[in-house]
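Residue numbers (my numbering): 5 to 399.
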Ligand SMILES: *Cc1c(COP(=O)(O)O)cnc(C)c1O
């Protein structure tokens with residue numbers, strides 16, 4: 005783990021950074037569950053609205069608890085600025101919408117989280133923004149997709165659910181050569197294992213709903229970039245359209261950051277243990293785990309990630325029927341479309357999160373009928389292994 009610019013290690017900063025104490029001297033971060041703020045005088049209100057005086061005015065714009073979460077996230081990511089949002093999708097939508105206007109064009113990797121793909125593929129064309137989807141790992145495909153009006157690139161790595169890896173530095177270089185920006189959805193890697201900004205990306209987005217909360221309670225999102233990017237592309241869009249995070253959710257997520265390294269490191273260790281133990285099981289046609297040396301992109305993973313992942317993809321024998329028998333036989337591991345939780349969760353992408361795509365499109369994204377995505381939680385690894393093994397026996 006690297007040293008902080010101010011000399012403190014990451015774990016220390018995630019416990020302390022961003023905290024603003026009130027005169028009461030509270031230990032824990034204060035929760036400012038308020039819509040608005042009182043002005044001392046009419047003149048103060050006037051100056052705040054003219055932006056001549058710093059201070060809070062309305063929680064749709066900003067709020068001290070939300071600021072604490074944003075500052076802690078910015079410290080974590082090594083970003084100049086952060087802007088929290090109500091959900092991960094609000095973060096992706098604002099980050100991308102804030103960068104384009106009618107006539108512009110975006111290039112995105114085709115293996116995207118379902119809703120992210122809908123934004124660029126279905127929503128953008130309604131407003132005159134063109135979109136080309138490419139095979140993310142193929143750098144030539146990104147190059148060939150560029151048009152004179154290309155303004156922004158979007159990718160997710162490792163991708164959901166097939167855990168495919170995209171070369172962030174390589175794609176960033178192509179984007180910059182084309183005068184475009186690169187936005188990376190970094191949910192699967194978490195801020196602990198991959199730093200897209202340091203690799204050349206211009207903007208990073210998270211669904212804080214996942215590992216940042218880590219205990220399945222609150223929705224949230226965050227956009228991280230340079231101050232200039234946030235102020236010119238994102239802030240006005242968010243303030244005026246209003247997908248603000250609740251101060252309560254920001255507070256839960258702020259506390260989640262204190263324990264994120266402990267949780268994600270343990271979950272990743274367990275995931276590596278399970279991947280090794282189940283890799284050769286006769287009911288597993290293929291197991292994909294970014295922490296294993298047999299991942300087809302192991303070299304790239306070593307270059308751009310500092311840890312595996314809390315996620316494993318398993319292609320179960322006998323397609324959908326086999327996958328369903330496996331999932332229904334699990335006792336400890338629960339069936340859910342969520343991930344990054346303390347509880348281990350499995351998803352069958354072909355019939356849920358990616359069910360709206362044709363079988364051909366799913367095949368392009370590496371989603372077979374037998375694919376099961378496993379999000380590894382905080383249970384004891386031996387209990388999880390026993391559960392997964394007994395369920396695999398039912399396949
Ligand atoms: C969950 C998720 C999102 C959306 O986040 P919400 O908080 O559910 O809106 C976006 N991208 C990825 C990769 C995700 O896993």
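A virtual CB, placed ideally from N, CA and C, is assigned to each residue, including glycine.
Reference residue i; option with closest CA among the options
i: residue 408; options: 108, 350 and 167; result: Residue numbering for the chain in the displayed model covers 5 to 399; residue 408 lies beyond these limits and cannot be assessed.
i: residue 289; options: 321, 282 and 300; result: 321
i: residue 39; options: 398, 246, 293 and 153; result: 246
i: residue 135; options: 180, 101 and 197; result: 101
i: residue 133; options: 151, 142, 143 and 258; result: 151
i: residue 249; options: 27, 68, 313 and 276; result: 68
i: residue 189; options: 161, 328, 181 and 242; result: 161
i: residue 112; options: 119, 124, 118 and 212; result: 124
i: residue 197; options: 81, 187 and 108; result: 81
i: residue 193; options: 84, 219 and 215; result: 215
i: residue 84; options: 229, 195 and 323; result: 229
i: residue 89; options: 201, 109, 120 and 243; result: 243
i: residue 273; options: 53, 363 and 386; result: 386
With 16 other Cβ atoms within 10 Å as the buried cut-off, status of residue i
i: residue 45; result: exposed
i: residue 225; result: buried
i: residue 66; result: buried
i: residue 5; result: Model confidence at residue 5 stands at a pLDDT of 37, short of 50, so the residue's coordinates are unreliable; what they give is reported in the following sentence. So residue 5 ends up on the exposed side.
i: residue 293; result: buried
i: residue 2; result: Limits of the chain in this structure are 5 at one end and 399 at the other, which puts residue 2 out of reach.
i: residue 164; result: buried
i: residue 63; result: buried
i: residue 481; result: One cannot answer for residue 481 here, as it falls past the ends of the chain, which runs 5 to 399.
i: residue 141; result: buried
i: residue 130; result: exposed
i: residue 37; result: exposed
i: residue 76; result: buried
i: residue 233; result: buried
i: residue 380; result: buried
i: residue 78; result: buried
Beta-carbon spacing of residue i, residue j below 8 Å
i: residue 315; j: residue 267; result: no
i: residue 339; j: residue 353; result: no
i: residue 375; j: residue 284; result: no
i: residue 351; j: residue 391; result: no
i: residue 344; j: residue 218; result: yes
i: residue 42; j: residue 169; result: no
Identity of the residues DSSP links to residue i by a beta bridge
i: residue 207; result: 187 and 229
i: residue 40; result: 62
i: residue 110; result: 135 and 156
i: residue 87; result: 227
i: residue 290; result: 319
i: residue 358; result: Looking at the DSSP assignment, residue 358 forms no beta bridge with any residue, so it has no partner.
i: residue 376; result: 318
message: Quick check on the DSSP output: what are the complete alpha helix (DSSP H) runs of length 4 or more inside the stretch 215-256, in order along the chain?
response: 239-245
query: Quick one: complete beta strand (DSSP E) runs, 3+ long, within the stretch 122-190?
result: 134-138, 154-160 and 185-189
message: Which runs of the alpha helix (DSSP H) at least 4 residues long sit entirely within the stretch 309-347? Give them in chain order.
response: 323-333
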